[in-house]
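Sequential numbering of the sequence shown, starting at 13, is according to the working numbering.
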Amino acid sequence: MKSKGLQVEFSTLIFVIRGSKVMLDFHLASLYGVETRQLKQAVRRNQSRFPDDFMFLLTENEVVNMVSQNVIPSKSYFGGALPMAFTEQGVAMLSTVLRSAKAIQINIEIMRAFVRYRAILRETDELRADLRKLDRKLNESFRYLVEKIDALHQKEASRAPIGFKTPSPKN
């Protein structure tokens with residue numbers, strides 16, 4: 013199992029829901045090699061370890077939204093149960109609940125994926141700020157050019173015409 017390949021795979025399983033970066037229970041169960049119901053049972057047995065900022069249940073509307081975005085195939089995929097969404101801290105807490113060697117290794121890779129995800133977002137923010145600066149500079153340059161062109165047009169309009177004038181015929 014290559015670490016680099018796993019980072020890319022894990023980062024595609026990170027979603028932003030309610031303003032938090034989360035991973036869903038069925039994806040985590042698949043990665044840990046357990047059934048989703050086993051993962052949920054372990055979490056419910058240790059509910060005090062999973063406050064709302066570590067794990068929350070998705071609402072019906074959020075599930076419908078995820079189906080429409082093709083994140084999940086259909087609502088029936090869950091068999092009537094709403095999925096759990098785990099924040100980075102919640103995923104880390106899962107390692108204390110699921111104690112297998114595989115769970116520990118998977119958690120390490122998931123933590124690396126979250127770090128990589130944050131780095132990508134930070135780079136995107138920096139790029140966005142650079143583009144705004146460039147846009148402001150271009151706007152200033154264009155404004156300066158338009159002012160100079162307007163000044164030239166006004167100067168040309170105020171000049172007396174150059175050239176020979178023929179006298180007008182007298183009646």
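Cβ coordinates follow ideal geometry from the N, Cα and C atoms, glycine included.
Inter-residue spacing [alpha-carbon to alpha-carbon] between Tyr44 and Glu135: In a straight line, the C-alpha of Tyr44 is about 30 Å away from that of Glu135.
Sequence-distant residues of its chain with Cβ nearer than 7 Å to Phe62 (five each side left out): Around Phe62: Val55, Gly102, Met105.
Environment of His165 [buried if 16+ CB atoms lie within 10 Å]: It counts as exposed.
6 Å CB neighbourhood of Glu100 in its chain, flanking five on each side removed: Excluding positions up to five away in sequence, the list reads Phe126.
Residues that Val34 bridges to, as DSSP identifies them: Residue pairing by DSSP puts Val34 in a beta bridge opposite Phe27, Thr99.
Reduced DSSP category for Leu51 - H, G, I as helix; E, B as strand; rest coil: Judged by DSSP in its simplified three-state form, Leu51 adopts helix.
Val109 to Ala115 span [Cα, whole Å]: Separation of Val109 and Ala115 (C-alpha to C-alpha, rounded to the nearest whole angstrom) is 9 Å.
Sequence-distant residues of the same chain with beta carbon closer than 8 Å to Ile26, five excluded per side: The beta carbon of Ile26 sits closer than 8 Å to the beta carbons of Lys33, Val34, Met35, Ala125, Phe126, Tyr129 from its chain, once the five residues preceding and following it are set aside; these are given in chain order.
Separation of Ala131 from Asp37, as counted between CA atoms: Cα to Cα, the separation comes out at about 24 Å.
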